[in-house]
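**Q**
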Amino acid sequence: MRLRAVRDLERIPANYMNKLVNTGDIWEIRIDIDTNSFRLLGFFHRRELARPRLRPTRHDPVLVKRP
Numbered sequence: 230m231r232l233r234a235v236r237d238l239e240r241i242p243a244n245y246m247n248k249l250v251n252t253g254d255i256w257e258i259r260i261d262i263d264t265n266s267f268r269l270l271g272f273f274h275r276r277e278l279a280r281p282r283l284r285p286t287r288h289d290p291v292l293v294k295r296p
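Residue numbering for the sequence shown is 230 to 296, as defined by the working numbering.
#1: DSSP has F267 in a bridge; who is on the other side?
#2: In this structure, what does DSSP give as the bridge partners for N247?
#3: Whole angstroms is fine: what's the gap from P242's alpha carbon to K248's?
#4: By Cβ distance below 6 angstroms, which residues in the same chain neighbour W256 in space, the five residues on each side in sequence not counted?
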């Protein structure tokens with residue numbers, strides 16, 4: 230539910246997000262689904278929450294093959 234709220238709502242409720250201490254401007258969203266916990270980290274850019282791409286591209290470092 231929280232993930233949908235972050236995606237769909239214009240204003241995200243304060244209890245959904247926490248600003249991490251001593252990190253500059255990194256924010257955390259915690260989501261608990263059944264027995265799994267997820268932490269989404271993000272930041273604001275021009276007063277909007279910067280959202281990561283859902284699909285990686287070939288330029289993402291995660292997809293670079295190592296020798």
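Virtual Cβ for every residue (Gly too), placed ideally from N, Cα, C.
**A** On the basis of the supplied data:
#1: Position 38 of the sequence shown, counting from 1, holds the residue named residue 267. According to DSSP, F267 bridges with I260.
#2: Within the sequence shown, residue 247 is the residue found at index 18, counting from 1. N247 pairs with E257.
#3: Within the sequence shown, residue 242 is the residue found at index 13, counting from 1. Within the sequence shown, residue 248 is the residue found at index 19, counting from 1. For P242 and K248, the distance between alpha carbons rounds to 13 angstroms.
#4: Locating residue 256 in the sequence shown gives position 27, counting from the first residue. Excluding positions up to five away in sequence, the list reads M246, K248, G271.
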